[in-house]
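A.B. asks: Take this structure, written in structure tokens, and hold onto it; I'll ask about it next.
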Amino acid sequence: MTARFDELRSLDLFGGLTDQQVSELVAGSSEVGLRPGLELFREGEHADFWWVLLDGVVDLIRQAGGEETVVARMDVPGRWAGGFRGYRPTCCASG
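Position in the sequence shown counted from 1, then plus 4, gives you this note's numbering.
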């Protein structure tokens with residue numbers, strides 16, 4: 005876990021977090037290796053995950069009229085895509 009902590013701590017994205025907050029982020033996250041062509045999320049749908057690039061390149065592609073266009077490229081560690089739903093405890097949520 006120390007290597008992942010150090011890797012996240014070095015990213016500007018997490019520069020405003022305390023060491024405790026980074027530790028909690030590491031504990032609640034998973035590192036995922038990707039293969040070319042894998043669809044991480046789809047435009048217009050709820051984002052169930054928040055993706056932070058640690059290494060490599062991810063192209064964000066939009067498909068329109070049968071053509072695919074690269075609309076953005078994540079190629080710098082710390083770039084992110086996707087999203088996450090706000091925390092709302094189910095025990096206390098009201099209709």
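Idealized CB from N, CA, C, for every residue including glycine.
By a C-beta neighbour count over all protein chains shown, 10 Å radius and 16 as the cutoff for buried, is leucine 38 buried or exposed?
C.D. replies: By the 10 Å Cβ count, leucine 38 comes out exposed.
A.B. asks: Along the chain, where does the beta strand (DSSP E) that runs through aspartate 63 open and close?
C.D. replies: Note, aspartate 63: beta strand (DSSP E), 62-68.
A.B. asks: Starting from the C-beta of valine 56, find all residues in its chain whose C-beta is less than 6 Å away, skip the five residues before and the five after it, and write them out in chain order.
C.D. replies: Result list for valine 56: Trp84, in chain order.
A.B. asks: Could you give the residue range of the beta strand (DSSP E) that holds alanine 85?
C.D. replies: Unbroken beta strand (DSSP E) run through alanine 85: 84-86.
A.B. asks: Arginine 8 and valine 30 - do their beta-carbons sit closer together than 7 Å?
C.D. replies: For valine 30 and arginine 8, yes; Cβs fall inside 7 Å.
A.B. asks: For valine 74, report the span of its beta strand (DSSP E) as first-last.
C.D. replies: Element bounds for valine 74: 71-78.
A.B. asks: Which one or two residues does DSSP pair with valine 56 in a beta bridge?
C.D. replies: Note: valine 56 sits in a beta bridge opposite Trp84.
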